[in-house]
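Chains as they are written, first to last, in the working numbering: chain U, 13 to 366; chain D, 13 to 366.
Number of protein chains: 2
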Amino acid sequence: MKEYPVQRAAALKPLPDPDMLVFGKTFTDHMFLMDYTAGQGWHDGRIVPYAPLALEPSAMVFHYAQEVFEGLKAYRSPDGGVQLFRPMENVRRINSSCERMCIPQLPEEDTLAAIEQLVRVEERWVPAKPGTSLYIRPFVIATTPSLGVHAAHDYIFCIITCPVGAYYKEGINPVRIYVENQDVRAVRGGTGYTKCGGNYAASIRAGERAEEQGYAQVLWLDGVHRRYIEEVGSMNVLFKIGGTVITPALTGSVLPGITRKSCIELLKSWGVPVEERLITAEELFDAAEAGRLEEAFGSGTAAVVSPIGEMGWGERHVTVNGGQIGALTRKLYDTLTGIQWGTVSDPFGWTLKL
Amino acid sequence: MKEYPVQRAAALKPLPDPDMLVFGKTFTDHMFLMDYTAGQGWHDGRIVPYAPLALEPSAMVFHYAQEVFEGLKAYRSPDGGVQLFRPMENVRRINSSCERMCIPQLPEEDTLAAIEQLVRVEERWVPAKPGTSLYIRPFVIATTPSLGVHAAHDYIFCIITCPVGAYYKEGINPVRIYVENQDVRAVRGGTGYTKCGGNYAASIRAGERAEEQGYAQVLWLDGVHRRYIEEVGSMNVLFKIGGTVITPALTGSVLPGITRKSCIELLKSWGVPVEERLITAEELFDAAEAGRLEEAFGSGTAAVVSPIGEMGWGERHVTVNGGQIGALTRKLYDTLTGIQWGTVSDPFGWTLKL
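Have a look at this one:
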C-alpha cells in the first residue's frame with residue numbers, strides 16, 4: 013500500500029472534551045494534500061500540519077465552484093482499534109463527482125491509502141466515547157488562477173479530519189420536516205447525483221427557511237414535475253408503507269448515498285421488501301392519512317438514520333408512528349451503528365480495520 | 013462618496029503588452045477586500061496589494077460553494093479618461109445573487125464606490141488600444157471554518173482587476189454552436205438567475221464536449237421540458253426572426269444579463285420589435301429552415317455580442333445569415349462598444365466617468 017511522506021506538526025493540540033464536540037468545527041493536527049498539474053497528473057501526496065491554504069484570488073474554486081467532497085468516519089471499536097465503513101464507496105463516489113465536474117480522476121487505491129494513513133497518523137483523535145467518531149472530509153478544489161470558464165489545469169486534493177460527538181446525545185428524537193415547494197435542489201441533467209459544492213449552496217436557503225418555521229429540514233421535490241420526492245435536507249429518505257420500504261430511485265438528481273445503499277442491503281437481508289422507485293408527495297401523504305405510512309427516516313453518514321416524526325405539505329400535516337421512531341428504523345440504526353463501531357458482527361465485510 | 017484606506021504595493025508590476033493579453037490571467041497591483049462578520053456586518057473595506065487569500069481548509073467556500081461573483085469592465089475613452097458601463101446594475105445583481113445564496117447584502121453605494129476607487133488606483137492598467145479594457149471581478153466567498161451545511165457567519169468581498177485584450181482580434185467571426193441535450197445548466201427554483209459558482213461548475217462539462225466536437229459553445233435548453241432555449245454558453249441569446257428580435261424570457265433559470273438588457277433597450281429605441289418570451293429549439297430550427305431566422309447572437313460582458321453562424325441540433329444543422337454577422341447584430345455591437353468606449357454619444361446615461 014502506498015505510504016506518503018509525513019511532516020509532523022511541531023506542537024500537537026490538546027484533545028477536546030468528547031462531550032463538547034460540535035460537528036465540523038474542531039480539526040486535528042495534520043491534513044493530507046496532493047497536487048494535480050496538467051501534464052503531470054496527481055503528484056506529491058503528503059501529510060503535513062493542518063494549516064490554511066493560500067490561493068490566488070483568481071483561483072477557479074472561488075469563482076466557478078469547481079469542487080467536490082466526500083464524508084466518512086473512523087470509528088473506535090471496543091478492542092481499542094479503529095475502523096472505517098465502506099471507504100472505497102466514498103472513493104468511487106468522489107470520482108463520479110469528479111467526472112461530472114471535469115476534475116481529473118483520483119487514483120482509487122492510493123486515495124484510500126491516503127485516508128487510511130491520515131487516520132493512523134491522527135489515531136489519538138479518534139474518540140472512544142459511545143457515538144463519537146472521527147469525521148473524514150476529502151475534497152478537491154480547482155486552483156488555476158484564471159477567470160476563463162473552463163476546467164482548471166491545477167487542483168488540490170485535501171483530506172481534513174475532525175472529531176465529532178454523538179449525533180443523538182439525548183436519545184433519538186424524530187424530526188419535523190416539510191415539503192419544499194419553491195426552491196429546487198437538483199434536476200436530471202444537472203449535478204444532483206454528485207457531492208459538488210453547488211448542490212449544497214443551492215440548498216441553504218430552503219434549509220434556513222425551514223428552521224425559521226420550526227422544521228428540522230425540507231423534503232425536496234424533483235425539479236421537473238415538482239411531484240416526486242428526492243431527498244430530505246442533505247440525506248436520502250426512506251418510507252415504510254404497508255410493510256414495504258420505498259425510497260426514491262437514483263434518477264440522476266438524487267445522491268447515491270452509502271448509508272442508503274447499506275440500509276437497502278440490510279433490509280433485503282432481513283427479508284423486508286424494498287422498492288427503489290418514483291414516489292410522489294401525494295402518494296406519501298395519502299398513505300399517511302390512510303394510516304399506511306408506518307415509518308419514515310433520512311439516511312446519511314452524520315446521523316446514520318434520522319427518523320421523521322411529522323411532515324407538512326402546504327395545508328396537509330401528518331404524524332408518523334405517533335412521532336416515535338419506528339421498530340424497523342431502530343433496528344437499522346442499531347445494526348448499522350453496531351457494525352460501524354464494531355459492537356456487532358459484520359457479515360457483509362463493510363468495515364476496514366486499520 | 014465612501015473613500016477606503018489604500019495600502020500601496022511596494023513594487024508595481026510592469027504593464028503587459030496590450031497585444032498579448034489573455035482574458036483573466038494577468039492581474040493588477042492591488043485588490044479591494046472587505047470582511048463580513050456576523051453581528052458586525054460588512055467592515056474594514058480596504059485596498060491592498062494583490063496577494064493570495066489564506067483560508068482555513070474547512071472554509072465553507074471550498075465545500076459548499078457559497079460564493080457569487082460579477083463581471084464588468086472599465087474602458088479608456090478617446091479623451092484619455094476612464095469610464096464604467098452601468099456598474100450599478102452589477103451591484104444590484106450581486107445582491108440578488110447574494111439573496112439566493114444566503115449571503116448578507118452588500119451596501120450598494122459603498123460597493124460601487126469600492127469599484128470606482130479600485131479602478132482609479134489601478135488607472136495605469138486600463139489599456140488604451142482599441143477593444144481593450146480593464147475587466148473587474150467582484151466576488152464574495154464564505155470563509156467560516158465549519159462543515160455544517162448552513163449559511164456562513166463570515167465572508168470576504170473581494171474585487172480583482174485584469175487588463176483584457178480585444179475580444180475580436182481578427183474581425184468578428186460568427187461561431188458554431190449546438191443544442192445540448194444531456195446536461196442541464198439550471199432549472200426554475202434553482203440558481204440559474206444568479207452568478208453563483210455552482211452554475212458555472214455545472215456548465216463546464218458540456219462546454220468541454222462542445223469544443224471537442226468543434227463547436228464554440230452549447231445552446232442550453234430548460235431543465236423541465238428540455239424544449240425551451242435559455243442561454244448560449246455563459247451568455248444570453250437573441251434571435252432575429254421575421255424582423256422581430258426574440259430572446260428567452262427571464263423565467264428564473266436565465267441570467268438577467270446587463271448586455272441583454274442594453275440590447276433590448278437599444279433595439280426598442282430603434283423601433284425594432286422585441287419579444288421576451290419562451291422559444292423552443294423546434295421553433296428556432298423551423299424558422300431557420302424556412303429562411304426566417306435572419307440573425308442570432310449571444311450577449312455578454314466579455315464579447316458584447318457574439319454572432320452565431322451555424323447551429324446543430326441532433327441531425328439538424330442550419331446556417332444563419334450565410335455564416336456572416338447580421339446587420340442588426342453589427343449595429344448593436346458598434347453602438348454598444350461605441351458607448352462603452354466613449355466614441356459615440358450615450359443618450360441613456362449608461363456610462364459613469366471616473
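Ideal placement from N, C-alpha and C gives every residue a C-beta, glycine not left out.
Since residue i meets chain D, which of its residues come closer than 9 Å, beta carbon to beta carbon?
i	result
U:M43	P69
U:K343	The contacting residues do not exist; U:K343 stays about 28 Å from chain D at best.
U:P61	Near U:P61 there are no residues of chain D at all, since even the closest Cβ is about 11 Å away, more than 9 Å.
U:C208	A77, G210, A213, A214
To the nearest angstrom, how far is the alpha carbon of residue i from that of residue j?
i	j	result
U:I168	U:I189	37 Å
D:R217	U:E288	29 Å
D:D298	D:G93	47 Å
D:L344	D:L24	38 Å
D:V152	U:D234	29 Å
U:T341	U:K252	9 Å
U:P28	U:F74	32 Å
D:A222	D:H237	22 Å
D:V284	D:I258	11 Å
D:C170	U:M46	27 Å
D:G303	D:V330	10 Å
U:V103	D:S281	57 Å
U:V176	U:A86	10 Å
D:T313	D:T271	6 Å
D:L84	D:P99	7 Å
D:E322	U:E120	42 Å
U:N333	U:Y179	22 Å
U:G324	U:Y240	15 Å
D:G361	D:V286	22 Å
U:F44	U:D91	27 Å
U:E295	U:E301	10 Å
U:V317	U:I351	14 Å
D:N211	U:V161	11 Å
Whose Cβ in chain U lies nearer than 9 Å to the Cβ of residue i?
i	result
D:K37	S70, P157, S158, L159, G160
D:F50	According to the sequence displayed, residue 50 of chain D carries Ala and not Phe. Neighbours of D:A50 on chain U: none; closest Cβ ~13 Å, over 9 Å.
Mind listing the chain D neighbours of residue i? Cutoff is C-beta to C-beta under 7 Å, in chain order.
i	result
U:D166	In chain order: nothing, as chain D lies at least about 13 Å away.
U:A374	Any answer about residue 374 of chain U is impossible in this case: the structure gives chain U only from 13 up to 366.
U:G195	With the sequence shown as reference, residue 195 of chain U is identified as Asp, and Gly is not the correct amino acid for it. Under the 7 Å cutoff, chain D gives G201.
U:L112	Here the sequence assigns Arg to residue 112 of chain U, which means Leu is not the residue at that position. Correct list: R217.
U:Q78	A213, I216
Counting only Cβ pairs nearer than 8 Å, list the residues of chain D close to residue i.
i	result
U:S89	What U:S89 touches in chain D: nothing, since even the nearest Cβ is about 24 Å away.
U:G226	Ordered by position in chain D, no residue passes the 8 Å Cβ test against U:G226, which lies about 16 Å from the chain.
U:P64	A66, L67, E68, P69
U:E220	C114, H162, A163
Could you list which residues in chain U have their beta carbon closer than 7 Å to that of residue i, in chain order?
i	result
D:P172	According to the sequence shown, residue 172 of chain D is Ile rather than Pro. Going along chain U in sequence order, the residues near D:I172 (Cβ under 7 Å) are P69, S70.
D:A151	Reading off the sequence, residue 151 of chain D comes out as Phe, not Ala. Near D:F151 (Cβ distances below 7 Å), the residues of chain U are F74, H75.
D:F81	H75
D:G354	Chain U residues near D:G354: none, gap ~25 Å exceeds 7 Å.
Entirely enclosed alpha helix (DSSP H) segments - the segment 272-316 of chain U, minimum 4 residues
Here the runs fully enclosed are 293-301.
In chain order, which beta strand (DSSP E) runs of at least 3 residues are fully inside the segment 120-180 of chain D?
For the beta strand (DSSP E) assignment, the uninterrupted runs of no fewer than 3 residues enclosed by the segment 120-180 of chain D are, from N- to C-terminal side, 145-154, 166-176.
Quick check for students: name the residue ranges of the beta strand (DSSP E) that lie wholly in the segment 324-366 of chain D, counting only runs of 3 or more.
Listed in chain order, the complete beta strand (DSSP E) runs (minimum 3 residues) inside the segment 324-366 of chain D are 328-331, 363-365.
Sufficient close CB pairs (3 or more, under 8 Å) joining the segment 138-157 of chain D to the segment 13-20 of chain D
At 8 Å Cβ cutoff, the stretches do not touch.
Are there three or more Cβ pairs, one per stretch, closer than 8 Å when the segment 255-268 of chain D is compared with the segment 186-201 of chain D?
Touching, yes, given that three or more Cβ pairs across the two stretches are closer than 8 Å.
Any alpha helix (DSSP H) of 4 or more consecutive residues that is wholly inside the segment 196-239 of chain U:
With a minimum length of 4 residues, the unbroken runs of alpha helix (DSSP H) contained wholly in the segment 196-239 of chain U fall at 209-224.
Are there three or more Cβ pairs, one per stretch, closer than 8 Å when the segment 76-86 of chain U is compared with the segment 75-82 of chain D?
Three or more pairs of CB atoms, one per stretch, sit closer than 8 Å, so the segment 76-86 of chain U contacts the segment 75-82 of chain D.
Report yes or no: do three or more beta-carbon pairs, one from the segment 49-66 of chain D and one from the segment 105-121 of chain D, lie closer than 8 Å?
Yes: at least three Cβ pairs fall under 8 Å.
Segment contact, 8 Å Cβ cut-off, at least three pairs: the segment 239-255 of chain U with the segment 309-325 of chain U
The way I'd put it, the segment 239-255 of chain U does touch the segment 309-325 of chain U; three or more beta-carbon pairs between them come closer than 8 Å.
Length-filtered (4 minimum) alpha helix (DSSP H) runs lying within the segment 84-125 of chain D:
Qualifying alpha helix (DSSP H) stretches, in chain order: 99-112.
Is the segment 177-189 of chain D close to the segment 125-134 of chain U, with three or more CB pairs under 8 Å?
No: fewer than three Cβ pairs fall under 8 Å.
Residues of the segment 93-118 of chain D whose Cβ lies closer than 9 Å to any Cβ of chain U, in chain order
Going along the segment 93-118 of chain D in chain order, one finds E111, R112, M113, C114 with a Cβ nearer than 9 Å to chain U.
Enumerate, from N- to C-terminal direction, the unbroken alpha helix (DSSP H) stretches of 4 or more residues contained entirely within the segment 55-80 of chain U.
You should have 72-76.
Mind listing which residues of the segment 231-259 of chain U have their C-beta closer than 7 Å to chain D's C-betas, in chain order?
Going along the segment 231-259 of chain U in chain order, one finds G235, V236, S246 with a Cβ nearer than 7 Å to chain D.
Return the residues of the segment 298-315 of chain D that lie within a Cβ-Cβ distance of less than 8 Å from chain U, sorted by chain order.
Under the 8 Å Cβ criterion, the segment 298-315 of chain D contributes no residue.
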